[in-house]
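Following the numbering used here, the numbering of the sequence shown begins with 6 at its first residue and continues without gaps.
Glycine is no exception: its CB is placed at the ideal position from the N, C-alpha and C atoms.
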Amino acid sequence: MQYQERVSLRRWTSFRTPGRAAYAAFCHHPHELPQLQKLLPLNELPRLVVGTGSNILFAADYPGILIRPLFRGIHLVEQTDDSVIVEVAAGEPWHGFVRTCLRNHWYGLENLALIPGTVGAAPVHNIGAYGVEVSQFLQAICVWDFATAEFRWIAAQELGLEYRSSKLRTSLLGRVLITHVRFRLLRSPQARWDYPELARSLAAESSRTPTPEDIFRAVCRLRQQKLPNPRRLPNAGSFFKNPVLPLSVAEELRKHHPQLPLFPHGPDHAKIPAGWLLEQCGWRGKRLGNVGVWPQHALVVVTYGRATGEEILRFAALLRRSVYERFGIALEPEVLILPQAAWELYCS
Ligand SMILES: Cc1cc2nc3c(=O)[nH]c(=O)nc-3n(C[C@H](O)[C@H](O)[C@H](O)COP(=O)(O)OP(=O)(O)OC[C@H]3O[C@@H](n4cnc5c(N)ncnc54)[C@H](O)[C@@H]3O)c2cc1C
């Protein structure tokens with residue numbers, strides 16, 4: 006384990022905003038966690054576990070401790086005729102794990118190819134793409150609990166996993182560090198390609214039933230075409246969540262905006278693509294100073310040059326205000342903004 010004081014935040018997130026954290030710790034093995042808890046003033050200062058920072062925006066200095074788990078390893082725990090249980094250490098890169106699954110004929114995660122970040126972060130906001138969410142394959146997580154100073158397993162059902170949210174983003178944020186994640190994956194392909202953009206791309210390529218490998222390749226291609234590479238243009242993927250509204254409210258809204266796309270979300274709710282709302286407000290491809298909206302995807306806020314967290318927040322607040330004024334919908338950030346009060350300040 007290593008730890009440092011007064012670290013630059015620039016290397017800690019994909020937005021690469023400036024600033025400093027009071028402390029940072031790098032843990033190579035879960036056994037180091039009890040020692041870490043004794044060494045650092047963990048109980049007095051705020052703490053945040055960080056994977057690769059591809060879903061975090063620091064708007065100011067961080068007055069606490071950043072902890073990066075670097076644990077590695079992928080193990081087959083159990084195998085039946087139709088499924089496997091695989092245990093993965095939190096520091097494994099997500100995309101590498103998806104590839105390993107395909108190589109071993111463990112199916113289900115292929116729609117989630119090329120999502121940046123680590124396996125440990127995947128359950129936190131229940132990552133999802135192209136019609137699949139990780140919650141569909143999550144069995145349990147092992148955590149180090151800073152409050153009780155012990156390791157414990159938490160079943161997926163206890164995590165309150167919903168669309169881009171879970172207890173790990175609310176009541177458990179900063180309280181637990183995920184050391185391992187267990188997935189239940191399928192041994193025979195049950196490919197999902199009903200998501201319209203994916204279905205169109207696969208149909209254009211071939212008329213045969215797509216295999217999980219076809220889906221993996223199509224998802225990688227689509228993502229490379231439409232998403233900016235954070236190494237070249239700092240960003241955190243979708244800045245806002247797609248709003249979910251009661252069906253009656255969504256249908257009433259559609260009376261005023263007949264083109265409004267609605268996707269079913271459970272029996273009595275509808276999801277609206279936030280990117281479509283932003284496009285209607287004219288934001289696609291717009292740039293103000295160092296911050297802009299990616300021309301291929303209106304939900305992605307990118308920075309040109311070195312933008313501060315405050316510049317990004319000010320810009321995002323403008324996007325949010327214009328959607329609210331036109332549609333009466335208050336967009337919620339998908340990105341974790343720290344401090345949360347900074348965002349509230351710009352939105353008030
Ligand atoms: C170009 C781009 C495209 C993206 N596309 C998608 C997409 O299609 N779908 C999607 O869902 N997301 C997407 N994202 C968002 C992001 O990749 C995911 O949220 C990813 O899971 C974040 O992983 P990370 O390791 O960078 O986590 P971080 O950003 O470091 O952390 C995210 C959250 O998880 C917590 N956390 C991280 N590791 C742990 C741990 N071991 N224990 C406890 N808490 C932890 C952090 O405290 C924080 O709350 C995209 C981002 C980018 C930049």
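With a 10 Å radius around the Cβ and a threshold of 16 neighbouring Cβ atoms, N234 comes out exposed. A direct Cα-Cα distance of roughly 38 Å separates D150 from E218. Within the same chain, Cβ atoms closer than 6 Å to the Cβ of Q301 are found at K231, the five residues on either side in sequence being excluded. Residue environment: W348 is assigned as buried (16 or more neighbouring CB atoms within 10 Å of its CB, all protein chains considered).
Residue I146 holds the alpha-carbon nearest to the alpha-carbon of V93 among E284, N60 and I146. Per DSSP, the beta-bridge partners of W158 are C147. The closest heavy atom of ligand 1 lies 7 Å or more from the beta carbon of T214.
If you draw a straight line from the Cα of V328 to the Cα of G242, it comes to about 19 Å. Ligand 1 has a heavy atom closer than 7 Å to the beta-carbon of R174. Judged by their CB atoms, S170 and N131 are nearer to each other than the 8 Å cut-off. DSSP, read as helix, strand or coil, puts T105 in helix. With fewer than 16 other Cβ atoms from the protein chains shown falling within 10 Å of its own Cβ, T85 counts as exposed. Not one heavy atom of ligand 1 lies closer than 7 Å to the C-beta of S170. Using a cutoff of 7 Å, the CB of H33 does not count as near ligand 1, since none of the ligand's heavy atoms is closer than that.
With a threshold of 7 Å, the Cβ atom of V249 does not count as near ligand 1, since no heavy atom of the ligand is closer than that. Y168 sits away from V224, with the two beta carbons spaced by 8 Å or more. Of the candidates P35, F245, Q7 and A208, the residue whose Cα lies closest to the Cα of A322 is F245.
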